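Colleague:
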Amino acid sequence: MYDVTNNGTYLSAAQGIFEDLLTGLNATCGGQWWNKEHHHVNSINNELFIDVAASLGNRVTHKRQYYSRYAEDHANWFLNAGLFSKNNTFHDGLHLADCSAEGTVFSYNQGVILGALVELSKLTGNSSWLDSAARTAKGAVSTLVDSNGIFTETGAFPTHGLTAAQFKGVFARNLAYLQSVRGDASYVTLFTKSAESIWQNDRDESGFFGPDWQGPVYSTLASAQSSALDCLIAAAAVSL
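Take the sequence shown: its position 215, counting from 1, is numbered 510 in this note's numbering, and each next residue is one higher.
(1) So if DSSP puts residue 390 in a beta bridge, which residue, or which two residues, is it bridged to?
(2) Who are the near neighbours of residue 422 in its chain, counting only those whose CB is closer than 7 angstroms to its CB and skipping five residues on each side?
(3) Thinking residue 386 and residue 376 are a contact (beta carbons under 8 angstroms), I'd like their distance in whole angstroms, please.
(4) For residue 394, I'd like the list of residues in its chain whose CB is within less than 6 angstroms of its CB, leaving aside the five on either flank, ordered along the chain.
(5) Quick check: what's the CA-CA separation for residue 477 versus residue 446?
(6) Would you tell me roughly how many angstroms separate the C-alpha atoms of residue 318 and residue 510, rounded to the nearest one?
(7) How long is the line joining the alpha carbons of residue 505 and residue 514, rounded to whole angstroms?
(8) I want to know whether the region 346 to 354 touches the region 326 to 334 - three or more CB-CB distances under 8 angstroms.
(9) Counting along the chain, where does the alpha helix (DSSP H) carrying residue 329 start and finish?
(10) Hey, could you find the ends of the alpha helix (DSSP H) residue 477 is sitting in?
(11) Once you ignore the five residues that flank residue 362 on each side, which residues in its own chain have a CB closer than 6 angstroms to its CB?
(12) Roughly how many angstroms lie between the CA atoms of residue 458 and residue 516, to the nearest whole one?
(13) Assuming residue 400 and residue 419 form a contact by the criterion Cβ under 8 angstroms, report the distance between their Cβ atoms to the nearest whole angstrom.
(14) Per DSSP, what kind of secondary structure is residue 336 in: helix, strand or coil?
(15) Classify residue 503 as helix, strand or coil using the three-state DSSP reduction.
(16) If you reduce the DSSP assignment to three classes, tell me which class residue 425 lands in.
(17) Leaving aside the five residues before and after residue 410 along the sequence, list all residues of the same chain whose C-beta is less than 7 angstroms from its C-beta, in chain order.
(18) Under 8 angstroms between the Cβ atoms of residue 406 and residue 452?
(19) In chain order, which alpha helix (DSSP H) runs of at least 4 residues are fully inside the region 409 to 475?
(20) Whole angstroms is fine: what's the gap from residue 433's alpha carbon to residue 481's?
(21) Mind reading off the beta-carbon distance from residue 534 to residue 460? Whole number of angstroms is fine, and I expect it under 8 angstroms.
(22) Roughly how many angstroms lie between the CA atoms of residue 430 and residue 439, to the nearest whole one?
(23) Take residue 488 and list the residues in its own chain whose beta-carbon comes closer than 6 angstroms to its own, dropping the five residues that flank it on each side.
(24) Got a sec? Which residues, its chain only, sit under 6 angstroms from residue 357 by beta carbon, not counting five neighbours each side?
(25) On the three-state DSSP scale, how would you describe residue 486?
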């Protein structure tokens, strides 16, 4: 909201939220706890921590060093915490008993870290963060697709909740951000094929989209609309 409105109220709110996030650090296995009850160490909240810290560092210039330290330290921990799968994609979290990776390779976990590392690269001027982002992006692009090259997440919706229809859109939005600073032809191919399938196969007579980009439409939740639009916007952006 701050980027859109330039209203400092939103930036101040983000700074306050970050200070609250600091209270969840030093979890078992490192990183940040998923909740205040200290039940889980998940990928998504740790990725978002990096993203928030780096984003604030890029916008609150008089505290740039403060936010940069948290963002870099956390990114170094996250990328070395053993969360990687064999395809350079991230599992959902860490098993507290032995700090081993566990859980599904969800698309949103591959997406949020891309945006976080782009912000961190801008903050530090260190392109190695983009190298890390590219490894995960290429791993996701090569594995989370069907035989026609359309981005997919088999079994996520509705098994993992109604919000699971949004997962792929999170990835598309953040991959487009990475594409804007370090382009790759495979990303363009993914966006193009997925967007074409959404428009041709995953749109009903009223213009609503479904959760599976291959179609057919069997649900038109708001999360499915947002997700499909993320992909369509990304495809339009890379075609300009």
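In this text, a Cβ means the ideal position worked out from N, Cα and C, and glycines have one as well.
Keep in mind that this is a model prediction, so the values were computed, not measured.
Modeller: Looking at the coordinates:
(1) Along the sequence shown, one-based indexing puts residue 390 at 95. 395.
(2) For the purposes of this step, residue 422 is taken as the residue at position 127 of the sequence shown. Excluding residues within five positions, the ones whose Cβ falls inside 7 angstroms are 416.
(3) Along the sequence shown, one-based indexing puts residue 386 at 91. Along the sequence shown, one-based indexing puts residue 376 at 81. Residue 386 to residue 376, Cβ: 10 angstroms. No contact.
(4) The residue given as residue 394 occupies position 99 in the sequence shown. Only 324 meet the Cβ criterion.
(5) Position 182 of the sequence shown, counted from the first residue, corresponds to residue 477. Position 151 of the sequence shown, counted from the first residue, corresponds to residue 446. Spanning the two alpha carbons is a distance of roughly 20 angstroms.
(6) For the purposes of this step, residue 318 is identified with residue 23 of the sequence shown, where counting begins at 1. For the purposes of this step, residue 510 is identified with residue 215 of the sequence shown, where counting begins at 1. When rounded, the distance between both Cα atoms is 43 angstroms.
(7) Residue numbering aside, residue 505 sits at position 210 when the sequence shown is read from its first letter. Residue numbering aside, residue 514 sits at position 219 when the sequence shown is read from its first letter. If you take the alpha carbons of residue 505 and residue 514, they lie about 5 angstroms apart.
(8) no
(9) The residue given as residue 329 occupies position 34 in the sequence shown. Careful: residue 329 lies outside any alpha helix (DSSP H) and carries neither H nor E.
(10) What you label residue 477 is simply residue 182 of the sequence shown in a count that begins at 1. Annotation for residue 477: no alpha helix (DSSP H) segment contains it, and DSSP assigns it neither H nor E.
(11) Working through the sequence shown from its first residue, we reach residue 362 at position 67. Result list for residue 362: 348, 351 and 352, in chain order.
(12) Translated into the one-based positions of the sequence shown, residue 458 becomes position 163. Translated into the one-based positions of the sequence shown, residue 516 becomes position 221. Looking at the two C-alpha atoms, the distance is approximately 9 angstroms.
(13) For this step, residue 400 is matched to residue 105 along the sequence shown. For this step, residue 419 is matched to residue 124 along the sequence shown. So it is not a contact: roughly 28 angstroms between Cβ atoms.
(14) Within the sequence shown, the letter at position 41 stands for residue 336. It is a strand residue.
(15) Along the sequence shown, one-based indexing puts residue 503 at 208. Under the three-state reduction of DSSP, residue 503 is assigned to coil, being neither helix nor strand.
(16) What you label residue 425 is simply residue 130 of the sequence shown in a count that begins at 1. Looking at residue 425 - three-state DSSP - the assignment turns out to be helix.
(17) Within the sequence shown, numbered from 1, the residue matching residue 410 stands at position 115. Closer than 7 angstroms at the Cβ level, and outside the excluded window around residue 410, lie 346, 469 and 472.
(18) Looking up residue 406 in the sequence shown gives position 111. Looking up residue 452 in the sequence shown gives position 157. Contact flag unset, no.
(19) 423 to 438
(20) Translated into positions along the sequence shown, residue 433 becomes position 138. Translated into positions along the sequence shown, residue 481 becomes position 186. So the two alpha carbons sit approximately 8 angstroms from each other.
(21) The residue you call residue 534 lines up with position 239 of the sequence shown. The residue you call residue 460 lines up with position 165 of the sequence shown. That belief does not hold up - the Cβ atoms of residue 534 and residue 460 are roughly 25 angstroms apart, past 8 angstroms.
(22) Against the sequence shown, residue 430 aligns to sequence position 135. Against the sequence shown, residue 439 aligns to sequence position 144. Taking the straight line from one Cα to the other gives about 14 angstroms.
(23) For the purposes of this step, residue 488 is identified with residue 193 of the sequence shown, where counting begins at 1. Hits under 6 angstroms: 444 and 445.
(24) Reading the sequence shown from its first residue, position 62 is the one you call residue 357. Correct list: empty, nothing qualifies.
(25) If you number the sequence shown from 1, residue 486 lands on position 191. Helix, per DSSP.
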